[in-house]
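J.:
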Amino acid sequence: MLETHDLTLHYGGSQILNGVSIIAIKGEVTCIMGTNGVGKTSLMKAISGTHARSGGDMTLDGETLPNLPAHKLAQRGVGYVPQGRMIFPLLTVRENLETGLACLPKAERHVPDRIFEMFPVLKEMENRRGGDLSGGQQQQLAIGRALVTRPKLLLMDEPTEGIQPNIIQLIGTVIRQLRDEGEMAIILVEQYFDFAFDLADRFYVLKRGETVLSVCKADATREQVQAAFSV
């Protein structure tokens, strides 16, 4: 389980996150929602260590995590699928997947077969360069690369952005499978409301770097969440 308490983040002199506290539980999908520019991606960067938080506390499975860089948090079990995918265009699909292995002990540095079972196109294009893949194929590669790290916590930032409907459906199926296995907590940043609402177990809606709604799906109506999301 991930817990953040009063997380803050600055870019230069600008404060982007203003005391964000969230919980993400194993076996659940926690969805971070809000309009563009409210701090959703900044929150993912703070949790993943790609941008150091300015203040606040963060724990993962009861362990307090100091302000660590991304590769150190990956070693602690934080997997990150960034917005824009950020695959390596000149590396092959196989080589892109293998970049995720660096955070693992040597005995575990192999790409599990289940990655190719979840995303068969990656097996078909294993020796193709990442830059030659379509946007949907690159998104599958980015998710596969994060899963290679065997995360306790999986962060997914806008995985449906610019993706064709059949791939969105596949990504939804994979997220459900991972949730139902109960081995990781999943945090999903998503603008596609129907996709997010169908998958999520709990919601946090951000506005101007602050939480304006925190609710479990069981305690909320679709209209309540959508109204907060649209503000």
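Note that our numbering gives residue 36 to position 36 of the sequence shown, counting from 1, and the numbers run on in steps of one.
A virtual CB, placed ideally from N, CA and C, is assigned to each residue, including glycine.
(1) Does the pairing of the segment 152-170 with the segment 5-18 give three or more beta-carbon distances under 8 Å?
(2) Can you name, in chain order, every residue of its own chain whose Cβ lies under 7 Å from the Cβ of L68, other than the five neighbours on each side?
(3) Terminal residues of the continuous beta strand (DSSP E) containing R94?
(4) Within 10 Å of its beta-carbon, does G37 have 16 or more other beta-carbons around it, so buried, or fewer, so exposed?
(5) May I ask you to report which of helix, strand or coil DSSP gives N36?
(6) Cα separation between P82 and L155?
(7) Per the contact definition of three or more C-beta pairs closer than 8 Å, is the segment 41-59 in contact with the segment 5-16?
(8) Distance, Cα to Cα, G77 vs L90?
(9) Can you list the beta strand (DSSP E) stretches of 3 or more residues lying completely in the segment 47-77, in chain order?
(10) What residue from A74, A228, K217 and L178 has the CA that sits closest to Q191's CA?
(11) Would you report the Cα separation of H110 and E210, rounded to the nearest angstrom?
(12) Checking the sheet assignment: what are the DSSP bridge partners for L104?
(13) Hey, how far is the Cα of R94 from the Cα of T221?
(14) Cutting at 6 Å between CB atoms, please list the residues of its own chain near I143, excluding the five before and the five after it.
(15) Taking the straight line between their C-alpha atoms, what separation do you get for P165 and G136?
(16) Quick one, which of R129, R150, P159 and G131 has its alpha-carbon nearest Q237's?
(17) Thinking just about the alpha-carbon of each residue, which of E181, L213, Q224 and A70 is nearest to the one in V29?
(18) Residues in its own chain within less than 6 Å of D57 by CB, not counting five upstream and five downstream?
(19) Rounded to whole angstroms, what is the Cα-Cα separation between R128 and P120?
T.: Considering the structure as presented:
(1) no
(2) To locate residue 68, count along the sequence shown from 1; it is residue 68. Counting only Cβ-Cβ distances below 7 Å, and skipping sequence neighbours, we find G49.
(3) The residue given as residue 94 occupies position 94 in the sequence shown. Premise fails: R94 lies in the alpha helix (DSSP H), V93 to E98, not in any beta strand (DSSP E).
(4) Start at 1 with the first residue of the sequence shown, and residue 37 comes out as number 37. Answer is exposed; the Cβ neighbour count stays below 16.
(5) Counting from 1 along the sequence shown, the entry for residue 36 is found at position 36. Residue state, collapsed to three classes: coil.
(6) Translated into positions along the sequence shown, residue 82 becomes position 82. Translated into positions along the sequence shown, residue 155 becomes position 155. Roughly 8 Å separates the two Cα atoms.
(7) yes
(8) For this step, residue 77 is matched to residue 77 along the sequence shown. For this step, residue 90 is matched to residue 90 along the sequence shown. Taking the straight line from one Cα to the other gives about 27 Å.
(9) 55-60
(10) The count along the sequence shown starts at 1 and reaches residue 191 at position 191. For the residues A74, A228, K217 and L178, the minimum Cα distance to Q191 belongs to A228.
(11) Residue numbering aside, residue 110 sits at position 110 when the sequence shown is read from its first letter. Residue numbering aside, residue 210 sits at position 210 when the sequence shown is read from its first letter. Distance between the alpha carbons of H110 and E210 is about 40 Å.
(12) Numbered from its first residue, the sequence shown carries residue 104 at position 104. Answer is none; L104 lacks a bridge partner.
(13) Your numbering for residue 94 matches position 94 in the sequence shown. Your numbering for residue 221 matches position 221 in the sequence shown. Distance between the alpha carbons of R94 and T221: 43 Å.
(14) For the purposes of this step, residue 143 is taken as residue 143 along the sequence shown, with counting starting at 1. Excluding sequence neighbours, I143 sits near V81.
(15) Residue mapping note: residue 165 aligns to position 165 of the sequence shown, counting from 1. Residue mapping note: residue 136 aligns to position 136 of the sequence shown, counting from 1. About 10 Å.
(16) Coverage of the chain is limited to positions 1 through 231, which leaves residue 237 absent and any answer about it impossible.
(17) Working through the sequence shown from its first residue, we reach residue 29 at position 29. V29 has its Cα closest to that of E181, out of E181, L213, Q224 and A70.
(18) Numbered from its first residue, the sequence shown carries residue 57 at position 57. Contacts found: H5.
(19) For the purposes of this step, residue 128 is identified with residue 128 of the sequence shown, where counting begins at 1. For the purposes of this step, residue 120 is identified with residue 120 of the sequence shown, where counting begins at 1. The straight-line gap from Cα to Cα measures roughly 14 Å.
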